[in-house]
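Chains as they are written, first to last, in this note's numbering: chain C, 145 to 394; chain U, 145 to 394.
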């Protein structure tokens, strides 16, 4: 992936090591990292050791390693993700209190929806998303919003690629998806009934940043049979308040 | 810092580049990064370019760079910080709703308190902390909790170093700090009136993880003259609920 000009591809190796950590695989040995990253075992040991010395990975008493607090700190403190979620969080809390279902904030990242915040109540229903998790653009309500307001190049790339179904109701036909995106732009919101799970409906609206560009999608996951109107009102209000907090003047 | 065994110190250079980004300096040119990191300008350009190619930094139309969403994603999705804050967040929201002041979650990281979450209402008062920001252990209520329940080695290291004041009321005497830490362990909470700012009082309690070890401090920042009793009750309840969510059985 990384076409490193330094000739040593250490950045590429670093990324391959970090990519072996997931939401459900948070602690690994250097040998496991080597196997999962496809790096030679001696290389994996050396990269892991360098990262531990630099504090980017942490090693426990069993010599297993996990992502270090220092790496989290360095990647978070100046991040665009933090700025967006800090602007949105008070309004997301209001949505969550009133709608009482999962409330989520997503951005476009490499042709997918990347979720940078999720609030859930004890009584919230089924939901596949996680903080720092991803969903396909064509299947999630957040993704449909990000795609509908994305560049023509992005839309053509997604429309021309296979539209992999996540459920029996995911849109898999490019013509249907094209009409759905036009509808999202007309209505100013996306509704995705059963596209991910048969039991739930995603509802999403765009959030604009100070330039007026759509920077994120704010969504809730409703039970499949719930009317979306009240949730949409709350989402629209939260999106407008977040945009204003980011400096957007209509 | 990084005693790299690979001989090229690329991990060290990477850390030095990332360290130039802060909460208030989120976008920089490669030349600025070179100057601030102390790296030769050609090295800074090469490291920045490698990081952009790998997606860990993002470059805008003016060729300025910022922390990439991909780096945030890789460092967050499996992180201990995310697990802790997801466990604590519903209970932090309850504290924030009832106490209506800044509510914060901090962990021990390299002899300082690192804040991994902060909730604030519109009416909350003065507060110095930020998400992914740090405060000294001896000055903040969260830090006093983390220090009081820390290892003897940590305590001796802090007690023997200069205790730099943040306000006129910060504890700067090692003997006074030693007695304060004993008091925190006896009471099971820390109160820091005016230690950081004359106008506010920090109140913090420990959160235990599934092993029973103190993994974090949960705190609120009250106006200086407010009685802490109601806030303490809410904090203790939130700490117990978070510990239970993490799997702690008393």
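Note that beta-carbon positions come from the ideal geometry of N, C-alpha and C, so glycine has one too.
Keep in mind that this is a model prediction, so the values were computed, not measured.
- Within chain U, no C-beta atom comes nearer than 7 Å to that of residue 351 (chain C); the closest sits roughly 15 Å away.
- Taking each of U:393, U:354, U:361 in turn and checking the Cα distance to residue 346 (chain U), the smallest one comes out for U:361.
- Here the alpha carbon of residue 353 (chain U) sits roughly 46 Å from the alpha carbon of residue 325 (chain C).
- When the alpha-carbon of residue 277 (chain C) is set against those of U:317, U:193, U:221, the nearest one is in U:221.
- Among the bridge pairs identified by DSSP, residue 280 (chain C) is matched with C:256.
- Cα atoms of residue 365 (chain U) and residue 376 (chain U): separation of roughly 11 Å, rounded to the nearest angstrom.
- Going by beta carbons, residue 228 (chain U) and residue 315 (chain U) fall outside the 9 Å limit.
- One alpha carbon belongs to residue 284 (chain U), the other to residue 300 (chain C), and they sit about 53 Å apart.
- By the CB criterion at 9 Å, residue 279 (chain C) and residue 272 (chain C) fall inside the cutoff.
- A direct Cα-to-Cα measurement between residue 311 (chain C) and residue 328 (chain C) gives close to 21 Å.
- As the crow flies, the alpha-carbon of residue 274 (chain C) is around 37 Å from that of residue 297 (chain U).
- Annotation note: the region 192-251 of chain C contains the following uninterrupted alpha helix (DSSP H) runs of length 4 or greater, listed N- to C-terminal: 213-220, 224-243.
- Residue 185 (chain U) counts as exposed, since fewer than 16 other beta carbons sit within 10 angstroms of its beta carbon.
- DSSP places residue 320 (chain C) in no beta strand (DSSP E) but in the uninterrupted alpha helix (DSSP H) bounded by 318-331.
- Residue contact with chain U for residue 233 (chain C): present (Cβ-Cβ distance below 9 Å to some residue of chain U).
- The beta carbon of residue 362 (chain U) sits no closer than 9 Å to any beta carbon of chain C.
- One alpha carbon belongs to residue 367 (chain U), the other to residue 348 (chain U), and they sit about 14 Å apart.
- Boundaries of the beta strand (DSSP E) harbouring residue 344 (chain U): 344-352, taken from the DSSP string.
- Contacts with chain U at 9 Å (Cβ-Cβ) do not include residue 324 (chain C).
- The region 203-214 of chain C and the region 193-201 of chain U do not touch, with fewer than three beta-carbon pairs separated by less than 8 Å.
- Contact note: residue 179 (chain U) does not reach chain C at a C-beta cutoff of 8 Å; the least C-beta distance is about 17 Å.
- Counting along the chain, the unbroken beta strand (DSSP E) around residue 337 (chain U) starts and ends at 334-337.
- For residue 265 (chain U), the CB contacts under 7 Å within the same chain, skipping 5 residues up- and downstream, are 240, 244 in chain order.
- For residue 360 (chain C), the three-state secondary structure derived from DSSP is strand.
- Residue contact check for residue 207 (chain C) against chain U: no CB pair falls below 9 Å.
- Per DSSP, residue 265 (chain C) lies in no alpha helix (DSSP H) segment and is marked neither H nor E.
- Judged by beta-carbon spacing, residue 254 (chain C) lies beyond the 9 Å limit of residue 210 (chain U), meaning their Cβ atoms are not closer than that value.
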